Amino acid sequence: MNNKIEQPKISIELLVAEPIYSLESRDEISNRVIENITIENQEAARVSFEKMIFRNVTITESSLEQTELTDVIFENCDFSNVNFAGSFIHRTEFRNCKLIGTDFSQGRFQNVRLLDCLGDYSNFRFANFKQVSFTDCSLVSSDFYTTTLHKLFFTRCNMDQAFMTGSKLKGIDLSDCNFDVLSANTEDLDGCIISSHQAATFVGLIGIIVR
1 MNNKIEQPKI SIELLVAEPI YSLESRDEIS NRVIENITIE NQEAARVSFE
51 KMIFRNVTIT ESSLEQTELT DVIFENCDFS NVNFAGSFIH RTEFRNCKLI
101 GTDFSQGRFQ NVRLLDCLGD YSNFRFANFK QVSFTDCSLV SSDFYTTTLH
151 KLFFTRCNMD QAFMTGSKLK GIDLSDCNFD VLSANTEDLD GCIISSHQAA
201 TFVGLIGIIV R
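With UniProt numbering, you'll find the sequence shown wraps up at 211, consecutive numbering, no jumps.
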């Protein structure tokens, strides 16, 4: 199913290696490779990145709301606690990135892959997902409250204590993910796919007592 997710469309030969040290609202940046830098204390809105590769880039103490990412690859990047609220992310891949506490609330994700990422405490509240996959990611205590899920795939993820209340889980396959506690409304679990050993996690929601 994941092979239907469109990959970033990037012509490597057209990319220029050029660093970024500061950002202004509504900056438009494209066709670059950004490597081995730290970007600190930035506050900018509606920054647009297109056809980019980021490698070993750290962003700290920054708010980048309503960022637009199209055809972007992030490798070994650290965006922990960065505010990306309201961002639009399309044909983008996060590979082995740290997204601890990163705020993606109210974002729109379309054709996005997250692979081997550390996303504990990440915030996806009110986000809209379409053709998105999380593979081998840690999403402990992540927040998916009232998200719109359309063709969202979780594969071998640690989702313990994830908060999914208000999100319709019909067709969402969690059967090979790990969790002891998962917060969800009873009515939202209709059609969710789980394994037999995960069933005990949910029986309390419908008033069943297991002895």
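Even glycine gets a Cβ: it sits at the ideal position worked out from N, Cα and C. The structure displayed is predicted, hence computed values, not measured ones.
If you reduce the DSSP assignment to three classes, tell me which class I12 lands in.
If DSSP states are grouped into helix, strand and coil, I12 belongs with the helices.
Measuring straight from C-alpha to C-alpha, what distance separates R32 and K51?
Computed Cα separation, rounded: 7 Å.
Within the same chain, show all residues whose beta-carbon is closer than 6 Å to that of T38, passing over the 5 residues directly before and after it, in chain order.
Counting only Cβ-Cβ distances below 6 Å, and skipping sequence neighbours, we find T58.
Around the C-beta of Q110, are 16 or more other C-beta atoms found within 10 angstroms, so that it is buried, or is it exposed?
Buried: at least 16 other Cβ atoms inside 10 Å.
Give the straight-line distance between the Cα atoms of L149 and N41, rounded to the nearest whole angstrom.
If I take the Cα positions, the gap works out to 33 Å.
Using CA coordinates, which residue listed in L139, L114 and S133 is at the minimum distance from K4?
Here the closest residue by C-alpha is S133.
Apply the 10 Å Cβ neighbour rule to I209 and answer buried if 16 or more other Cβ atoms are within range, or exposed otherwise.
Low confidence applies to I209: its pLDDT is 44, below 50, so where it sits in the model is not reliable, and the reading given next is rough at best. That one is exposed.
Return the chain-ordered list of same chain residues with a C-beta closer than 8 Å to the C-beta of D120, the five sequence neighbours on each side being excluded.
Taken in chain order, the residues that qualify are I100, G101, S138, L139, V140, S141 and S142.
Where do the N-terminal and C-terminal ends of the beta strand (DSSP E) with M52 fall, by residue?
S48 to T60 is the span of the beta strand (DSSP E), which, as asked, contains M52.
So S133 is in the beta strand (DSSP E); what residue range does that whole segment cover?
Where S133 is concerned, the enclosing beta strand (DSSP E) stretches over N128 to T135.
Quick check: D176 and T155, are their CB atoms within less than 8 Å of each other?
Yes, the pair counts as a contact, with Cβ atoms nearer than the cut-off.
Expressed to the nearest angstrom, what Euclidean distance is found between the alpha-carbon atoms of M1 and L152?
The predicted model places M1 with a pLDDT of 47, which falls under 50 and marks its position as unreliable; any figure quoted below should be read in that light. C-alpha separation (whole angstroms): 10 Å.
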